[in-house]
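What follows is a single structure, written as structure tokens, with notes after it.
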Ligand code: IMP
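Residue numbers (the working numbering): 1002 to 1200.
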């Protein structure tokens, strides 16, 4: 079975291709097909956005498609930045601007009330429209100042109590083993492996 990945990101494509090797699927990157403009992320939830992107690509090319959406939910901010994580400090804002705004919004919030989690949703739309989502989360709390140089996005201000470090202080392997994205991918792989076994 051929599955188109709704991203032109080479890193994501290589990661999914290697994860799903031996599961009877051929992963095709959007970068290898005619250029398409993915729909805007206007949904209210991560699964909504992932499904919209996967459905669009599936219908456009008449094949199965996979897409993901992820972000940070902070309890003290009523779940924000949520689906607006990438553009929290404004359209086109960089990682540092986004987490600096987050720290400013969290000013005065005490240590015990800074719970947050990263969430990831992966949507699979099969040819014909059958749709599934696979989700993963990583719990943590918002630090009082940034620390660490690895990772991206909100990693420097996302403290993981079980590790005693921020996500930006973990090695890539340490982060992948526990991350929201890693956990959603494990569920996706389990589904493909089961399907492969049964067909
Ligand atoms: P997406 O590319 O639409 O899924 O947007 C994801 C946004 O959420 C990124 O731009 C980051 O701001 C944030 N985000 C998602 N996953 C992570 C992570 O693992 N570490 C730090 N920030 C993340």
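The beta carbon of each residue, even a glycine, is placed where N, CA and C say it ideally should be.
Report buried or exposed for residue 1099, applying the criterion of at least 16 other Cβ atoms within 10 angstroms of its Cβ.
With 16 or more other Cβ atoms within 10 Å, it is buried.
According to the Cβ coordinates, are residue 1158 and residue 1104 closer than 8 Å?
Against a cut-off of 8 Å, the Cβ pair of residue 1104 and residue 1158 comes out as a contact.
Could you tell me the distance, in whole angstroms, from the CA atom of residue 1060 to the CA atom of residue 1014?
Answer to the nearest angstrom: the Cα atoms are 20 Å apart.
Run through DSSP, which three-state label would residue 1142 get?
Strand at residue 1142.
If we count the other Cβ atoms within 10 Å of its Cβ and call it buried at 16 or more, is residue 1010 buried or exposed?
Its Cβ having fewer than 16 others within 10 Å, residue 1010 is exposed.
In the DSSP assignment, find the unbroken alpha helix (DSSP H) run with residue 1164 in it and report its ends.
Per DSSP, residue 1164 belongs to no alpha helix (DSSP H) and is neither H nor E.
Could you check what DSSP says for residue 1045 in three-state terms: helix, strand or coil?
Here residue 1045 sits in coil by DSSP.
Decide if residue 1156 is buried, meaning its Cβ has at least 16 other Cβ atoms within 10 Å, or exposed.
Counting of Cβ neighbours within 10 angstroms places residue 1156 among the buried residues, the total reaching 16 or more.
Compute the beta-carbon to beta-carbon distance between residue 1169 and residue 1138, rounded to the nearest angstrom, for a pair I have assumed lies under 8 Å.
With a beta-carbon spacing of about 18 Å, residue 1169 and residue 1138 fall beyond the 8 Å limit used to define contacts.
Please work out which residues of its chain come closer than 7 Å, Cβ to Cβ, to residue 1020, disregarding the five sequence neighbours upstream and downstream, and give them in chain order.
If you ignore the 5 residues before and after residue 1020, its C-beta comes within less than 7 Å of the C-beta of 1186 and 1190, all in its own chain and listed in chain order.
Thinking residue 1088 and residue 1094 are a contact (beta carbons under 8 Å), I'd like their distance in whole angstroms, please.
The beta carbons of residue 1088 and residue 1094 sit about 6 Å from each other, so the pair counts as a contact at 8 Å.
Nearest-angstrom beta carbon gap, residue 1065 and residue 1162 [assumed within contact, 8 Å]
Contact doesn't hold; Cβ gap of about 38 Å is too wide.
Taking C-alpha atoms, which residue in 1111, 1194 and 1073 lies nearest to residue 1141?
Closest in alpha carbon position to residue 1141, among 1111, 1194 and 1073, is 1073.
Would you tell me roughly how many angstroms separate the C-alpha atoms of residue 1195 and residue 1125, rounded to the nearest one?
Straight-line Cα distance between these residues: approximately 15 Å.
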